[in-house]
Every structure is written in structure tokens, then in C-alpha cells.
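Peer 1: Please find one structure pasted underneath; my questions will follow.
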Amino acid sequence: MKKVLWLVVGVGVGFVAAHQIAKTSGGKKFFDDVNAKAHDFSDAVVDGYKQREAELRAAIDDIN
Numbered sequence: 000m001k002k003v004l005w006l007v008v009g010v011g012v013g014f015v016a017a018h019q020i021a022k023t024s025g026g027k028k029f030f031d032d033v034n035a036k037a038h039d040f041s042d043a044v045v046d047g048y049k050q051r052e053a054e055l056r057a058a059i060d061d062i063n
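Next comes the structure, spelled out in C-alpha cells:
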């Protein structure tokens, strides 16, 4: 239970720190960059998933 409490405290402190940092111009730029990279990564994952799904569907169609 004590570990869970420390985890919650750590998450809360991290959230407050990130919020304060995001208020600065450098912090805003940093978080905008992180968000852009995360968005690019998720787009790449989705594209790869769709491509692989299309390959598997084509392979199944060839079998039938």
C-alpha cells in the first residue's frame, strides 16, 4: 500500500511539474515537439497495421 501511495504522489508531482514547465515558452515548444513526434509515431503504427492487414487479407483471398 505504501508503494502505491508513493506512485500516486510521484504521478501528482510529475503532473504539476509538467504543467508549470508547459507554461514557459521553452516548455511549450518542448511539449509541442513531443506531441508531434508521438502523433507521427502513432500514424506510422496505424499505417503499418493497415498494410499488414491488407497483405494478410490478400493472402487469404489467394487461398480461397
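So for the sequence shown, numbering that gives the first Met the number 0 puts the first residue at 0; every next one is plus one. Each residue gets a CB set at the ideal place from its N, CA and C atoms; glycine is no exception. No experiment lies behind these values; they were computed from the predicted model shown.
1. In terms of residues, what are the limits of the alpha helix (DSSP H) holding Lys49?
2. What whole-angstrom Cβ distance do Ala21 and Phe30 have, given they're in contact under 8 Å?
3. Rounded to a whole number of angstroms, what is the C-alpha to C-alpha distance between Gln50 and Gly25?
Peer 2: This is what the structure gives:
1. Counting from one through the sequence shown, the residue named residue 49 turns up at place 50. Ser24 to Ile62 is the extent of the alpha helix (DSSP H) around Lys49.
2. Position 22 of the sequence shown, counted from the first residue, corresponds to residue 21. Position 31 of the sequence shown, counted from the first residue, corresponds to residue 30. Sure, about 5 Å apart at Cβ, within 8 Å.
3. Residue 50 sits at position 51 when you count from the first residue of the sequence shown. Residue 25 sits at position 26 when you count from the first residue of the sequence shown. Taking the straight line from one Cα to the other gives about 37 Å.
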